[in-house]
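Colleague:
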Amino acid sequence: MQISMMIFIAIIAVLLIAGFGAFFYLLNKKFQELTEKQKNDPTINLLNQNIQGIQSNIQSNIQGMQSNMQNMQSNMHLQLSKTTEAINQRLDNAAKIINGVNKELGQMQEVGRQMKDLQDFLRSPKLRGNIGEQVLRDLLEQFFSKKHFELQYKFREGQIVDAIIKTDKGIIPIDSKFPMENFQKMFKTESEKEKNNFSREFIKDVKKHINDISKKYILPQEGTIDFAVMYIPSETIYYEIIRNDENLNTFAQEKKVLIVSPNSFYYFLRVIMIGMEGKRIEEASKIILQTLNAIQKDSIRFGENLGVLTTHITNAKSAIDRVNNEYSKLSGKIDQVKLLK
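If you're matching positions, the sequence shown starts at 0 in numbering that gives the first Met the number 0 and goes up one per residue.
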C-alpha cells in the first residue's frame, strides 16, 4: 500500500514539473516576442523583470521538486529492497514448509505402502495364524513360568492346540483364530446387500471356529476343564463378533467356548494368575500350620523333658545336701577323737 502511494505521488510530481516547464517555455517565448516589439517600453522592461523573478522562483521550485523526487526515489528503492527481502524470506520459509510437507507425504506414502504390504501379508491364513500364536506366546510368557503353560500342546488323540494353561483343576486349552477374509470384504464393499452377505459369511466362519474348538479341545478324559478359549488377535474383529449377533455369543456359551481379544485375554490371564497365587498361598499356609503344630509338639516334649531334668536336679541337690550333712557330722567326730589324744 505504501509503495503504491509513493508511485502515485511520484507520477503527480513528474506531471507538475512537466506543466511548469511548458508554462515557462510559453511564457519565455511570449516575452521574447514582446521584447522584439517594444524594447524601449518601460512597461515591458518591468514585465521582463517580473518574469525573470517568476522564472527564478520556478527554477528554484523545480530544483526543490527534483530534490524531493530524488529523496522519494531513494525511499522507494529502500522500501522496495526491504519488501523484496521480506518476500524472499517468506518464499524461503514457504519452500521449507513445502519441503517438510513433501517429506511428510513421502513418509505417509511409505506407511501406506507398508500397510498394503501388511494387508497382503495377512491374506495368507497360515501367516495370520503364526502372528496370532506369537502374540499369544508373548502374553502367556508375561504372566506364567514355563511350568504353568505349554505351546502347541498335543492331545493323545492327535489334536494340537495352540496353547494350554496348567491349573490344579485341569488344563485350559487356548486356540488362536483370525477370521479375516469375509470381515475385510464386508468393510471394503460399498453395496449394502453385499455387506450383509459378507456379514452372514463372517458369522458362519466364527461359528465354525467355535464348533471346531469345542469338539477338538474340550476333552475332560485328557484332563481339560469343561471350557476352552478362542483367542482373537484383533480388537476390531472381536468387537464385530460381540456386537454383530447376540445369538453368536449364546452359541459360544452353549459350546463352552470363551471368546477373548488381546485386552480381555489380559484380564482373563490375571484372574488365572491370581487364582494360582491364592492356591500357592493356601499351600504355603498349610505348610506353615503343619510346621507350627510340629513346633508345638516339640515344645511340649521339651517341657516334659525339662520337668524330668528339673526333678533329677532337685533330687541330686537333696542327695548332695545329705552328703554334706553326713560329712559335717563325720568331720566333727574326727575332731573329737583328735582331742582325746
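By construction, the Cβ of each residue, glycine as well, lies at the ideal position given by its N, Cα and C atoms.
Everything numeric in this text was worked out from a predicted model, so none of it was measured.
Run through DSSP, which three-state label would residue 99 get?
Modeller: In the structure shown, residue 99 sits in a helix (DSSP, three-state: H, G or I).
Colleague: By the DSSP assignment, the beta strand (DSSP E) with residue 148 in it spans what residues?
Modeller: Unbroken beta strand (DSSP E) run through residue 148: 148-153.
Colleague: Please classify residue 190 as buried or exposed, where buried requires at least 16 neighbouring CB atoms within 10 angstroms.
Modeller: Under this definition residue 190 is an exposed residue.
Colleague: Suppose the cutoff is 7 Å on Cβ atoms and the five residues either side in sequence are ignored; what does the same chain contact list for residue 171 look like?
Modeller: 163, 164, 224, 228, listed in sequence order.
Colleague: Taking the continuous beta strand (DSSP E) assigned at residue 388, which residues delimit it?
Modeller: Any question about residue 388 goes unanswered here, given that the chain covers just 0 to 340.
Colleague: The beta strand (DSSP E) that contains residue 171, what's its start and end?
Modeller: Looking at the DSSP string, the run of the beta strand (DSSP E) that includes residue 171 is 169-175.
Colleague: If contact is defined by three or more beta carbon pairs under 8 Å, each pair taking one atom from either stretch, is the segment 210-220 in contact with the segment 181-188?
Modeller: No contact exists between the segment 181-188 and the segment 210-220.
Colleague: Do residue 241 and residue 176 count as a contact pair if the criterion is CB distance below 8 Å?
Modeller: No; because the gap between Cβ atoms is not below 8 Å, this pair is not in contact.
Colleague: How would you call residue 237, buried or exposed, if buried means at least 16 neighbouring beta carbons within 10 angstroms?
Modeller: The residue is buried, with at least 16 neighbouring Cβ atoms inside 10 Å.
Colleague: What did DSSP end up calling residue 185 once you bin it into helix, strand or coil?
Modeller: Residue state, collapsed to three classes: helix.
Colleague: From the DSSP secondary-structure annotation, give me the bridge partner or partners of residue 223.
Modeller: Paired residue(s): 170.
Colleague: What distance in whole Å lies between the Cβ atoms of residue 268 and residue 142, which are believed to be in contact at a cut-off of 8 Å?
Modeller: Yes, residue 142 and residue 268 are in contact; Cβ-Cβ is about 5 Å, under 8 Å.
Colleague: Per DSSP, residue 257 forms a beta bridge with which residues?
Modeller: According to DSSP, residue 257 bridges with 228.
Colleague: What does the alpha-carbon distance come out to for the pair residue 80 and residue 88?
Modeller: Cα to Cα, residue 80 sits roughly 12 Å from residue 88.
Colleague: Decide if residue 139 is buried, meaning its Cβ has at least 16 other Cβ atoms within 10 Å, or exposed.
Modeller: Classification of residue 139: buried, given that the 10 Å Cβ count is 16 or more.
Colleague: Quick one: using the 10 Å Cβ neighbour count with 16 as the cut-off for buried, is residue 160 buried or exposed?
Modeller: The residue in question, residue 160, is buried, as its Cβ has 16 or more Cβ neighbours within 10 Å.
Colleague: In angstroms with no decimal places, state the Cα-to-Cα distance between residue 157 and residue 221.
Modeller: For residue 157 and residue 221, the distance between alpha carbons rounds to 12 Å.
Colleague: Taking DSSP as the reference, what is the three-state secondary structure of residue 66?
Modeller: Three-state result, residue 66: helix.
Colleague: What are the start and end residues of the alpha helix (DSSP H) that includes residue 198?
Modeller: Residues 191-216.
Colleague: On a CA-only basis, which of 166, 331, 304, 56 is nearest residue 273? Give me that one, please.
Modeller: Cα-wise, what sits closest to residue 273 is 166.
Colleague: Whose C-beta lies closer than 7 Å to the C-beta of residue 132 among residues of the same chain, with five residues either side of it excluded?
Modeller: Around residue 132: 161, 175.
Colleague: Would you mind sorting residue 205 into buried or exposed? The rule is 16 or more other CB atoms within 10 Å of its CB.
Modeller: Answer is buried; the Cβ neighbour count reaches 16.
Colleague: Among 259, 255, 181, 250, which one has its Cα closest to the Cα of residue 233?
Modeller: If we check each option's Cα against that of residue 233, 259 comes out closest.
Colleague: Between residue 178 and residue 235, what straight-line distance do the alpha-carbon atoms span, to the nearest angstrom?
Modeller: Approximately 11 Å, taken between the alpha carbons.
Colleague: Please classify residue 265 as buried or exposed, where buried requires at least 16 neighbouring CB atoms within 10 angstroms.
Modeller: Exposed.
Colleague: Residue 250 and residue 209 - do their beta-carbons sit closer together than 8 Å?
Modeller: Closer than 8 Å, so yes.
Colleague: What's the gap between the Cα of residue 317 and the Cα of residue 324?
Modeller: Straight-line Cα distance between these residues: approximately 11 Å.
Colleague: Leaving out five residues on either side along the sequence, give the residues of the same chain with a beta carbon under 6 Å from the beta carbon of residue 276.
Modeller: Cβ neighbours of residue 276 beyond the five flanking positions: none.
Colleague: Given that a residue counts as buried once 16 or more other Cβ atoms are within 10 Å of its Cβ, and exposed if not, what is residue 307?
Modeller: Answer is exposed; the Cβ neighbour count stays below 16.
Colleague: Taking the straight line between their C-alpha atoms, what separation do you get for residue 376 and residue 169?
Modeller: Beyond the ends of the chain as shown, which are 0 and 340, falls residue 376; an answer cannot be given.
Colleague: I think residue 200 touches residue 181, with their Cβ atoms under 8 Å apart; what is that distance to the nearest whole Å?
Modeller: Right, the Cβ-Cβ distance comes to about 4 Å (below 8 Å), so this counts as a contact.
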